[in-house]
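Working notes, beginning with the structure itself.
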Ligand SMILES: C[S@@+](CC[C@H](N)C(=O)[O-])C[C@H]1O[C@@H](n2cnc3c(N)ncnc32)[C@H](O)[C@@H]1O
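Residue numbers (the working numbering): 3 to 183.
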């Protein structure tokens, strides 16, 4: 199991078009062990409220924040001399195959996984330590993120503990089995 901290950076969020897919990105991140979700593009308090509500009911899992200068943030990471600076991993259909490439990435350092929006700045390809493709066809950022996280964690991404949950789901063959704490 990879223990290094994972941050997901979602670029180019548009409140008019993206709330559902960006919420799914945050929920997949939370469910698969990501600790920080950073939103770039439009500010979206409603989206953050939804994730806070999931954290309250199902346990504390992820912290969300807005970043108004994501490329500056990535430039600072890329040029930092800190030993334990995060590696920048950009998910893009133009990148290298994820399963093979993940094998080569050091697992001790934190990572920032960058997921694009409608248009991705070309500079991102050079700032990133790795440009990784989940297949070389266009599909969904949610699917790309989930498959990446599953592979990165060696299939253990869902083995998480959530503190302070009000609702705990007991896996069931027959229906909803939810305990209220
Ligand atoms: C719907 S795509 C839009 C891509 C955009 N047209 C561009 O200029 O790259 C949004 C994001 O989904 C992710 N994505 C889509 N297909 C992918 C793939 N095959 N592998 C990795 N990531 C993918 C990427 O992070 C991408 O930036």
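Here a beta-carbon is modelled for each residue, glycine too, at the ideal position from N, C-alpha and C.
In this text, all values refer to a predicted model and were calculated from it rather than measured experimentally.
{"Query": "Could you check if residue 11 is buried or exposed, using at least 16 other CB atoms within 10 Å of its CB as the buried criterion?", "Result": "buried"}
{"Query": "Under the criterion of a Cβ to heavy atom distance below 7 Å, does residue 98 qualify as lining ligand 2?", "Result": "Judged by which ligands are present, ligand 2 is missing from the structure shown, whose ligands are ligand 1."}
{"Query": "Taking contact to mean 3 or more Cβ pairs, one atom from each stretch, closer than 8 Å, check whether the region 25 to 38 and the region 56 to 71 are in contact.", "Result": "yes"}
{"Query": "How about residue 43: is its Cβ closer than 7 Å to a heavy atom in ligand 1?", "Result": "no"}
{"Query": "Which residue marks the beginning of the alpha helix (DSSP H) containing residue 74, and which one marks its end?", "Result": "72 to 81"}
{"Query": "What would DSSP say about residue 104, mapped onto helix, strand or coil?", "Result": "helix"}
{"Query": "Taking just the CA atoms, how far does residue 150 sit from residue 142?", "Result": "12 Å"}
{"Query": "Between residue 93 and ligand 1, is the CB less than 7 Å from at least one heavy atom?", "Result": "yes"}
{"Query": "Please name the residue in 17, 6 and 157 whose C-alpha comes closest to that of residue 120.", "Result": "17"}
{"Query": "How would you call residue 105, buried or exposed, if buried means at least 16 neighbouring beta carbons within 10 angstroms?", "Result": "exposed"}
{"Query": "With DSSP as the reference, please indicate the residues paired to residue 39 in a beta bridge.", "Result": "10 and 66"}
{"Query": "In this structure, how does DSSP classify residue 141 when only helix, strand and coil are distinguished?", "Result": "coil"}
{"Query": "If you check the beta carbons only, do residue 41 and residue 24 fall under 8 Å apart?", "Result": "yes"}
{"Query": "Pull up the DSSP beta-bridge partners for residue 133, would you.", "Result": "92"}
{"Query": "Would the region 125 to 132 and the region 78 to 94 be scored as touching if the rule is three or more Cβ pairs under 8 Å?", "Result": "yes"}
{"Query": "Determine the contact status of residue 8 and residue 107, defining contact as a CB-CB distance below 8 Å.", "Result": "no"}
{"Query": "CB of residue 139 to nearest heavy atom of ligand 1: below 7 Å?", "Result": "yes"}
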